[in-house]
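Remarks on the structure that follows.
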Amino acid sequence: MKRAQRISLVLGSGGARGLAHIGIIRYLLEHGYEIASVSGCSMGALIGGFYAAGALEAYETWVKELDAFDIIPLLDVDGEGGLAKGDKLMRRLAEIMGGDRRIEDLPIPFTAVATDIDEEKEVWLQQGSLIEAIRASIAIPMLFAPLYKGGKRLVDGGVLNPVPIAPTFGDNTDLTVAVNLGGEPARRNLLGSPTHKETQLVDKLKAYISKLTLQSAVFENAIFAVANRSFDTMQSNLSGMKLAAYPPDAEITVPRDLCGMLEFNRAEEIIAYGYEKAKETLGGMLR
3 MKRAQRISLV LGSGGARGLA HIGIIRYLLE HGYEIASVSG CSMGALIGGF
53 YAAGALEAYE TWVKELDAFD IIPLLDVDGE GGLAKGDKLM RRLAEIMGGD
103 RRIEDLPIPF TAVATDIDEE KEVWLQQGSL IEAIRASIAI PMLFAPLYKG
153 GKRLVDGGVL NPVPIAPTFG DNTDLTVAVN LGGEPARRNL LGSPTHKETQ
203 LVDKLKAYIS KLTLQSAVFE NAIFAVANRS FDTMQSNLSG MKLAAYPPDA
253 EITVPRDLCG MLEFNRAEEI IAYGYEKAKE TLGGMLR
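Convert by adding 2 to the 1-based position in the sequence shown; the result is the number in this note's numbering.
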């Protein structure tokens, strides 16, 4: 019997688009490929971390049950340096995972990539608390406060490296498969008609903040939308440069306008899109 190909899987950043990683992982596993290591950034670190911990199915079940408002109570809106502190969300994620894990104890090598905002350097988190590493990697500027660790202020790894291939260079694997969530805009609806629009989620988030008597200025005059679009544009350009410099064996590219950054209520459609995109890209290519 032919040995399964061992894959270094690189999962990029991109908010709710990162749910496509779940469908991609499912496609790989269903077609007999062995994921031997994972390197992830932001949502890529979250999905990759849950996979490495053997808890991705539990996360998928949870996220598919979310509606547009469910995520809002998990945003503890009192962060220093960001809208949300992030503690509530991480506690919930730890519960879904069945408790925190140490990265060095995971069955496969895992790297979460964050950014040291003061030193302007990438930080590879390969030891210690998995939940803490995910928290650092998903600290999207303006949305989540930075994580303070070892005297460093850590924010979203996508600030410097949205598709972190470098941590896989020493892997003893057959192929490197990278998922780039910053692809060219499709400029058309790829998911079908939504049950809830992203604008409804933003409106509810504004109302929630108002109830807490906190400033909601970040949402006035579409400031949040502009900041989000700017971050996506920056990451897309960085991804292009990184992938050109260090091309993987296979690249799965997801349009950056697939969905809104916070459209986690569309998990089912996004996961299905990821599966089909993996099939389109890899079917007949990897074997």
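We treat Cβ as the ideally placed atom computed from N, Cα and C, and that holds for glycine.
Does DSSP put residue i in a helix, a strand or coil?
| i | result |
| --- | --- |
| residue 320 | What the structure shows of the chain is the stretch from 3 to 289, and residue 320 is not part of that stretch, so it cannot be assessed. |
| residue 150 | strand |
| residue 169 | helix |
| residue 241 | helix |
| residue 215 | In this prediction, residue 215 scores a pLDDT of 41, lower than 50, which makes its location untrustworthy; the coordinate-derived value is nonetheless stated afterwards. If DSSP states are grouped into helix, strand and coil, residue 215 belongs with coil. |
| residue 91 | helix |
| residue 234 | helix |
| residue 158 | strand |
Can you find the residues in the same chain that come closer than 6 Å, C-beta to C-beta, to residue i, ignoring five residues on each side of it along the sequence?
| i | result |
| --- | --- |
| residue 36 | 6 and 8 |
| residue 11 | 37, 40 and 179 |
| residue 251 | 177 and 178 |
| residue 96 | 102 and 133 |
| residue 161 | 117 |
| residue 113 | 41, 126, 128 and 169 |
| residue 47 | 114, 136 and 139 |
Could you name the residues of the same chain whose beta carbon sits closer than 8 Å to that of residue i, not counting the 5 residues immediately before and after it, in chain order?
| i | result |
| --- | --- |
| residue 22 | 181, 183, 256, 260, 272, 273, 275, 276 and 279 |
| residue 246 | none |
| residue 154 | 118, 120, 121 and 125 |
| residue 192 | 257, 260 and 275 |
The beta strand (DSSP E) spanning residue i covers which residue range?
| i | result |
| --- | --- |
| residue 283 | Run containing residue 283: none in the beta strand (DSSP E); it sits in the alpha helix (DSSP H), 269-284. |
| residue 252 | 252-257 |
| residue 182 | 177-185 |
Would you decide whether residue i is buried or exposed? Buried here means 16 or more other CB atoms lie within 10 Å of its CB.
| i | result |
| --- | --- |
| residue 150 | exposed |
| residue 237 | buried |
| residue 249 | exposed |
| residue 190 | exposed |
| residue 174 | exposed |
| residue 244 | buried |
| residue 19 | buried |
| residue 139 | buried |
| residue 1 | The requested residue 1 does not occur in the structure, where the chain is confined to residues 3 to 289. |
| residue 100 | exposed |
| residue 170 | buried |
| residue 118 | buried |
| residue 164 | buried |
| residue 16 | buried |
| residue 63 | exposed |
| residue 299 | Shown here, the chain extends from 3 to 289; a query on residue 299 therefore has no answer. |
| residue 200 | With a pLDDT of only 47 at residue 200, under the threshold of 50, the placement of this residue in the model should not be trusted; the figure read from the coordinates follows. Result: buried. |
| residue 166 | buried |
| residue 239 | exposed |
Looking at the ligand SAM, does it come within less than 7 Å of residue i, judged from the CB to the closest heavy atom?
| i | result |
| --- | --- |
| residue 118 | The model depicted lacks the ligand SAM and carries no ligand whatsoever. |
By Cβ distance below 7 Å, which residues in the same chain neighbour residue i in space, the five residues on each side in sequence not counted?
| i | result |
| --- | --- |
| residue 137 | 88, 92 and 149 |
| residue 55 | 99, 103, 108 and 132 |
| residue 269 | 21, 65, 66 and 68 |
| residue 156 | 116, 117, 118, 125, 138, 141, 148 and 149 |
Beta strand (DSSP E) runs wholly inside the region 14-87, at least 3 long, in chain order: You should have 36-43 and 84-86.
Any beta strand (DSSP E) of 3 or more consecutive residues that is wholly inside the region 115-148: Listed in chain order, the complete beta strand (DSSP E) runs (minimum 3 residues) inside the region 115-148 are 123-127 and 144-146.
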